[in-house]
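Contents: one structure, followed by commentary.
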Amino acid sequence: MMRTTVVIALLPVLTSSDALQDAWASAIVSFFGAALLVAMIAGLGVRFPDLTIVEYAQKLIGKWPGKAVCLVIIWAFLVIAATDTRIYAEALVIGFLTETPIPFIIFSMVITGATAAYSGLEVIGRTADLLFPIFVVMIVVSLAFAIPDATTMGSNLEPVLARGIGPVLRGSIIPTVVIAQYLCLTMIIPAANQPKKALGTALWALTGSTMMLVLITLAVTAILGPHQGSRAVFPFLSMVRAIYISVFLERVEMLALFAWGFGIFIAVSVFMYCGSRALAQVLGLDDYRPLIGPLAVIWGTFSVHSYQNLFQLRTFFQPKIGGPYILSWILIPMGILWAAYGIRRLAGGKPDEE
Numbered sequence: 000m001m002r003t004t005v006v007i008a009l010l011p012v013l014t015s016s017d018a019l020q021d022a023w024a025s026a027i028v029s030f031f032g033a034a035l036l037v038a039m040i041a042g043l044g045v046r047f048p049d050l051t052i053v054e055y056a057q058k059l060i061g062k063w064p065g066k067a068v069c070l071v072i073i074w075a076f077l078v079i080a081a082t083d084t085r086i087y088a089e090a091l092v093i094g095f096l097t098e099t100p101i102p103f104i105i106f107s108m109v110i111t112g113a114t115a116a117y118s119g120l121e122v123i124g125r126t127a128d129l130l131f132p133i134f135v136v137m138i139v140v141s142l143a144f145a146i147p148d149a150t151t152m153g154s155n156l157e158p159v160l161a162r163g164i165g166p167v168l169r170g171s172i173i174p175t176v177v178i179a180q181y182l183c184l185t186m187i188i189p190a191a192n193q194p195k196k197a198l199g200t201a202l203w204a205l206t207g208s209t210m211m212l213v214l215i216t217l218a219v220t221a222i223l224g225p226h227q228g229s230r231a232v233f234p235f236l237s238m239v240r241a242i243y244i245s246v247f248l249e250r251v252e253m254l255a256l257f258a259w260g261f262g263i264f265i266a267v268s269v270f271m272y273c274g275s276r277a278l279a280q281v282l283g284l285d286d287y288r289p290l291i292g293p294l295a296v297i298w299g300t301f302s303v304h305s306y307q308n309l310f311q312l313r314t315f316f317q318p319k320i321g322g323p324y325i326l327s328w329i330l331i332p333m334g335i336l337w338a339a340y341g342i343r344r345l346a347g348g349k350p351d352e353e
């Protein structure tokens, strides 16, 4: 659900490269790299089912090095939540609330997310259980409205692989590294009823989000065309707006916007919870809740001031910029911890994973 919100927003598989009509193939290719990263993120959590990453990092590489490594994860939580919030706020301002200041929208979302994070992970989880079916139905209905137009404009999907595999691979970079959102698993696996099944569940979730990405990419490319779709600020929203149903049924893009809003709310709440809890463990605090207020202010301020405008935000999701930067959030901490885990196993010691 959280990964899909970014897919709906900027559709980086189409807008971040020159894949054009082959963007759907980039979406499929991105699954394999993303699956490897998910295994890297969740694999250690499955081996340490009762510990968060802050706790098992200290077991693997020592107290202070472990805490230092986890600061990268905390930074990732901050940037992801702030960026997701800014993207949604920009969409609201551009499409609907043109006279509303962006800071007002951002801090309204941050306050709502902070309230949910303060209530705890169980409240967030039950809210997600309630909103997820609505989220899926709204996306499916939006795609269903697009089917008649997409079938008549299928020529926009041709020719296939006309420029080789290079553009397809470049187009898969950002959808692959966006899997950094799954870093939240490093903090919430211990709270799961069956932590050992967390990796399998995460891979199924990845499969579902990839299928949705492929369908959305096909629909957007077919209706808007590869060139107009790649230039659109919010491609999926533009596609839904372009759909004509009848004179008495208009503004169906609100379905997509509401679905996106539900996903953003859950994402911001989860990252606020994970970030504040991780920082509390790094600082040695028993309760994470006193940190939520100060961190909410930081999150909101960072979201407002980290990007000057929407075009700078889109630049962040270019493969040469966002690709290596976002990937480093995963490879640096998880690479160090996996290396330490492997060394201990080879040395014959048991890293206290059970």
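In numbering that gives the first Met the number 0, the protein residues as written are 0 to 353.
Note that beta-carbon positions come from the ideal geometry of N, C-alpha and C, so glycine has one too.
Spatially closest choice to residue i from the options, by CA coordinates
i, options, result
"Ala-201", "Tyr-181, Leu-214, Thr-220 and Pro-189", "Tyr-181"
"Ile-138", "Ser-302, Val-213 and Ile-172", "Val-213"
"Pro-102", "Ala-197, Ser-302 and Ile-73", "Ser-302"
"Leu-120", "Cys-273, Pro-132 and Ile-110", "Cys-273"
"Pro-174", "Leu-91, Pro-318 and Gly-341", "Pro-318"
"Phe-261", "Ala-127, Asp-286 and Val-239", "Ala-127"
"Pro-166", "Ile-325, Lys-195, Ala-22 and Arg-313", "Ala-22"
"Thr-185", "Val-177, Met-253, Leu-198 and Asn-192", "Leu-198"
"Val-366", "Phe-76, Ile-342 and Ser-25", "Residue coverage of the chain in this structure runs from 0 to 353, which leaves residue 366 outside it and unanswerable."
"Ile-79", "Ala-204, Arg-125, Val-176 and Ile-133", "Val-176"
"Ala-355", "Ala-204, Ala-346 and Trp-298", "There is no way to answer for residue 355, as the model of the chain reaches only from 0 to 353."
"Leu-294", "Ser-154, Phe-270 and Phe-264", "Phe-270"
"Ala-328", "Thr-216, Cys-183 and Asp-286", "Contrary to the premise, residue 328 reads as Trp rather than Ala in this sequence. The option with the nearest alpha carbon to Trp-328 is Cys-183."
"Pro-48", "Ile-187, Ala-161 and Gly-321", "Ile-187"
"Phe-76", "Thr-206, Arg-343 and Ala-266", "Ala-266"
"Arg-162", "Pro-234, Leu-326 and Asp-17", "Asp-17"
"Gly-32", "Arg-125, Leu-96, Leu-168 and Ile-93", "Leu-168"
Beta-carbon gap between residue i and residue j smaller than 7 Å
i, j, result
"Glu-89", "Leu-309", "yes"
"Gly-44", "Gln-57", "no"
"Leu-236", "Ala-258", "no"
"Ser-275", "Ile-291", "yes"
"Gln-280", "Val-53", "yes"
"Ser-141", "Val-239", "yes"
"Phe-30", "Thr-300", "no"
"Pro-36", "Ile-178", "For clarity, residue 36 is Leu in the given sequence; the question names Pro instead. Yes, the Cβ-Cβ distance between Leu-36 and Ile-178 is below 7 Å."
"Val-28", "Ser-171", "yes"
"Gln-20", "Pro-194", "no"
"Ile-105", "Thr-84", "yes"
"Thr-82", "Pro-189", "no"
"Ala-339", "Leu-59", "yes"
"Ala-113", "Ile-123", "no"
"Val-136", "Ile-331", "no"
"Ile-73", "Ala-218", "no"
"Ala-191", "Ile-222", "no"
"Ile-263", "Tyr-117", "no"
"Met-39", "Met-333", "yes"
"Thr-220", "Leu-156", "yes"
"Phe-315", "Gly-321", "yes"
Range covered by the alpha helix (DSSP H) that runs through residue i
i, result
"Ile-320", "Note, Ile-320: premise wrong, no alpha helix (DSSP H); not H, not E."
"Phe-235", "234-241"
"Gln-307", "Gln-307 -> no alpha helix (DSSP H), and no H or E assigned at all."
"Thr-111", "101-118"
"Leu-212", "197-223"
"Gln-57", "52-60"
"Gly-42", "22-46"
Exercise for the section: Output the residue ranges of the beta strand (DSSP E) runs that lie fully inside the segment 154-188 and measure 3 residues or longer, sorted by chain position. Expected result: none
Along the chain, which unbroken stretches of the alpha helix (DSSP H) at least 4 residues long are found entirely within the segment 262-304?
You should have 288-304.
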